[in-house]
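Working notes, beginning with the structure itself.
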């Protein structure tokens with residue numbers, strides 16, 4: 028009996044009646060029912076998510092950003108409703124949505140909080156930045172996958188909002204860079220102008236330094252002049268003191284002179300009376316000649332003393348006149364010098380400041396402040412103008428006193444000359460009296476002349492007494508003027524001291540001003556260097572700041588808002604969710620179809636076992652009906668998936684060929700196990716199906732399996748068939764197919780070997796064969 032006849036014999040047995048034929052048809056449709064129906068139900072579930080009811084709660088109150096209303100919650104709501112991925116229903120409150128998810132009215136709920144837009148706009152304030160949140164409410168009791176879909180949706184909303192907000196933020200940031208660039212450019216221009224101004228300031232400060240140096244020199248001269256003025260007024264005060272003392276002595280001398288001339292007048296009157304009496308009484312003349320001679324001698328001595336005193340008075344008046352003249356000259360010189368110095372300082376100060384204004388080194392306001400500073404110091408000196416006025420008054424008084432003293436000196440000179448003449452006359456008188464005493468007759472003869480001379484002497488003594496009284500009165504007036512002069516000199520000295528102090532303060536202030544100008548010069552140099560560096564730095568910094576045009580700015584905003592673009596290269600891609608599951612479920616359905624065949628088909632026919640055929644031929648003949656029906660099952664399933672569900676396979680015929688090889692290997696293993704183990708073999712086949720269902724990597728990569736299951740994936744055939752189908756359907760690298768094909772051939776040989784062992788085993792009957800322990 029040949030292999031083909033064995034196979035045909037088994038097929039004929041199964042197709043003799045109507046029910047067997049229906050059974051064959053039903054068995055052929057089992058993989059179709061399992062695989063095609065499952066793929067049909069799950070071919071593209073995402074396109075039917077609109078039937079999933081979901082609650083949408085928008086509580087966003089909006090916010091304001093950059094002066095514009097920001098209502099991201101409304102935008103998200105409109106976008107979700109327009110997208111239509113889920114069956115969104117707007118709900119008024121978060122509680123209502125929560126209860127709807129809990130009781131199953133909604134599969135899940137999304138809530139947009141009231142501060143959603145406000146938190147998105149919060150990064151504008153660094154201290155109040157908050158992360159915006161979306162609330163997702165799920166319930167796995169409704170469906171586990173819905174929660175996964177909701178998470179994916181939330182991520183998409185998050186990415187969309189983050190992209191939009193990030194783009195807007197980036198646009199604002201880039202706009203800020205543009206504004207910064209413009210401002211930096213303006214700042215650089217301003218810094219350049221500042222640098223030019225600092226150079227002008229530097230030159231102006233140099234000119235100001237020269238002017239302040241001149242001011243300091245003038246202040247030094249003024250201070251030195253006021254020192255000299257103070258020394259002069261001090262000397263004047265001492266001279267006026269001496270003048271008062273000398274004038275007091277002159278007054279006292281004039282008083283004594285007045286008293287002496289009074290006595291002289293009385294004596295002259297008595298002399299005249301005596302001479303007249305002597306003229307009448309010449310008789311007693313000889314006896315009185317000696318007395319006359321003595322009196323004449325005494326008169327000569329008194330006249331000599333009077334002449335000497337009047338000469339002292341005249342010399343004192345002359346010296347007093349010289350002192351007053353010197354004092355007047357000193358005051359005139361000091362007054363002229365002080366006026367000249369003050370005028371010089373003020374003029375230089377004002378000219379220097381006005382020159383600074385003309386050179387635009389300082390502003391008019393700064394010049395006014397400098398004028399006030401200098402004027403305040405000059406005013407302090409000018410405040411002493413009362414002292415100068417007082418000096419003028421004293422000078423006038425000195426001039427008046429000088430005139431009076433000159434008159435007094437002239438009068439005292441006349442008195443001195445008169446006294447000199449008187450002394451000479453008295454000397455002559457003494458000589459005459461001597462001669463008279465020697466020659467009485469001559470004396471008697473000259474008595475008449477003496478009487479006349481005595482009368483003249485009395486008249487001259489009266490004039491001398493009047494002049495002495497006038498001299499005394501003038502000396503009193505001169506003493507009063509000298510006292511006024513001394514008082515004015517003291518006031519002048521005090522004013523000169525104040526002027527000296529003020530000029531010293533002015534000099535100190537000018538030195539401080541000079542020091543300040545020096546510091547200003549150093550500061551202006553530093554300012555010039557710093558402003559130059561600032562201008563250079565700002566200019567260089569401006570070049571480093573981005574200044575994109577509008578198209579570039581828009582592009583940069585999009586790049587920054589969505590910095591990562593996924594450039595996905597699909598070497599092999601499934602068009603739909605069902606296409607992704609198709610290799611696994613087609614393979615699994617092929618295994619299930621082969622396993623179902625064992626329910627109605629015999630792995631090995633008893634007729635064949637009773638023949639003398641070779642074991643491997645009997646095993647091969649028993650396997651071929653399984654293989655043929657399994658190919659029909661897989662072909663039917665493949666045709667429905669390909670033409671009805673629309674599986675887009677890159678290599679359709681090679682895919683069918685791999686399915687045929689899978690049917691070959693699966694049926695060989697299943698037929699061999701069931702033939703060898705009998706009813707227990709079916710359980711083993713079922714266990715193998717469960718193990719391969721887990722380890723084939725149909726949904727998740729097999730690498731995610733626990734480590735002990737990796738070995739099962741490598742040694743069991745279903746995982747390799749799934750991998751081969753994926754490469755063929757999706758158009759991936761076909762180098763893997765050689766290993767898959769060789770593996771399937773190996774599994775086929777292994778199954779046939781098991782079947783051959785089963786044939787050898789079942790050719791010998793035992794009691795267990797007649798009474799099996801387990802019948803299925």
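Residue numbers (this note's numbering): 28 to 803. For each residue, glycine too, the CB sits at the ideal point set by N, CA and C.
{"Check": "Could you check whether residue 118 and residue 136 sit closer than 9 Å to each other, using their CB atoms as the reference points?", "Outcome": "yes"}
{"Check": "DSSP on residue 118, reduced to helix/strand/coil?", "Outcome": "coil"}
{"Check": "From residue 546 to residue 519, what does the alpha carbon distance come to, in whole angstroms?", "Outcome": "40 Å"}
{"Check": "Does the distance from the CB of residue 758 to the CB of residue 678 come in under 9 Å?", "Outcome": "yes"}
{"Check": "Can we say the segment 609–628 touches the segment 773–781, given the rule of at least three CB pairs closer than 8 Å?", "Outcome": "no"}
{"Check": "Less than 8 Å between the CB atoms is what I'm expecting for residue 743 and residue 754, so what's the real figure, rounded?", "Outcome": "In fact, because the Cβ distance is near 19 Å, the residues do not count as touching under 8 Å."}
{"Check": "Report the three-state DSSP secondary structure of residue 387 (helix, strand or coil).", "Outcome": "coil"}
{"Check": "What is the DSSP secondary structure of residue 98, reduced to helix, strand or coil?", "Outcome": "coil"}
{"Check": "Rounding to the nearest angstrom, what Cα-Cα distance links residue 747 and residue 767 in this structure?", "Outcome": "6 Å"}
{"Check": "With a cut-off of 8 Å on the beta carbons, I'd call residue 701 and residue 657 a contact; round off their distance for me.", "Outcome": "Contact doesn't hold; Cβ gap of about 14 Å is too wide."}
{"Check": "Cutting at 7 Å between CB atoms, please list the residues of its own chain near residue 375, excluding the five before and the five after it.", "Outcome": "241, 242 and 245"}
{"Check": "Whole angstroms is fine: what's the gap from residue 528's alpha carbon to residue 493's?", "Outcome": "52 Å"}
{"Check": "Starting from the Cα of residue 606, find the closest Cα among 675, 623 and 751 and give me that residue.", "Outcome": "675"}
{"Check": "Assign residue 92 to buried or exposed, taking buried as 16 or more other Cβ atoms, counted over all protein chains shown, within 10 Å of its Cβ.", "Outcome": "buried"}
{"Check": "Exposed or buried, which one is residue 737 when buried takes at least 16 other CB atoms within 10 Å?", "Outcome": "exposed"}
{"Check": "Determine whether the Cβ of residue 95 lies closer than 9 Å to any Cβ atom of chain C.", "Outcome": "This model lacks chain C altogether, as it is built from one protein chain only."}
{"Check": "Just verifying my parser: in three-state terms, what is the DSSP assignment at residue 644?", "Outcome": "helix"}
{"Check": "For residue 238, is the classification buried or exposed, using 16 other Cβ atoms within 10 angstroms of its Cβ as the cut-off for buried?", "Outcome": "buried"}
{"Check": "Let me confirm a value: residue 515 is counted as buried when at least 16 other C-beta atoms fall within 10 Å, else exposed. Which label applies?", "Outcome": "buried"}
{"Check": "Determine the closest residue to residue 260 out of 479, 522 and 371, with distance taken between C-alpha atoms.", "Outcome": "522"}
{"Check": "Residue 91 lies in the alpha helix (DSSP H); which residues open and close that run?", "Outcome": "Careful: residue 91 lies outside any alpha helix (DSSP H), inside the beta strand (DSSP E) at 90–92."}
{"Check": "Among 732, 685, 556 and 756, whose alpha-carbon lies nearest the alpha-carbon of residue 227?", "Outcome": "556"}
{"Check": "Looking at the structure shown, is residue 631 part of a helix, part of a strand, or coil, going by DSSP?", "Outcome": "coil"}
{"Check": "If you drop the 5 nearest sequence neighbours on each side, which residues of the same chain put their C-beta closer than 7 Å to that of residue 335?", "Outcome": "none"}
{"Check": "On the three-state DSSP scale, how would you describe residue 112?", "Outcome": "coil"}
{"Check": "Give every residue of the same chain whose Cβ lies closer than 8 Å to the Cβ of residue 780, excluding the five residues on either side of it in the sequence, and list them in chain order.", "Outcome": "699"}
{"Check": "Which same chain residues, not among the five before or five after residue 687, have their C-beta less than 6 Å away from its C-beta?", "Outcome": "658"}
{"Check": "Taking just the CA atoms, how far does residue 673 sit from residue 696?", "Outcome": "31 Å"}
{"Check": "Apart from the five residues just before and just after residue 127, which ones in its own chain have a Cβ nearer than 6 Å to its Cβ?", "Outcome": "82 and 133"}
{"Check": "Would you please state the rounded distance, in angstroms, between the beta carbons of residue 87 and residue 99? I believe it to be under 8 Å.", "Outcome": "7 Å"}
{"Check": "Span of the beta strand (DSSP E) holding residue 731?", "Outcome": "That residue, residue 731, is in no beta strand (DSSP E); it is neither H nor E in DSSP."}
{"Check": "So, for residue 703: in the same chain, excluding its five sequence neighbours on each side, which residues have a beta-carbon less than 8 Å away from its beta-carbon?", "Outcome": "781, 782, 784, 785 and 788"}
{"Check": "Let me confirm a value: residue 293 is counted as buried when at least 16 other C-beta atoms fall within 10 Å, else exposed. Which label applies?", "Outcome": "exposed"}
{"Check": "I think residue 147 touches residue 97, with their Cβ atoms under 8 Å apart; what is that distance to the nearest whole Å?", "Outcome": "7 Å"}
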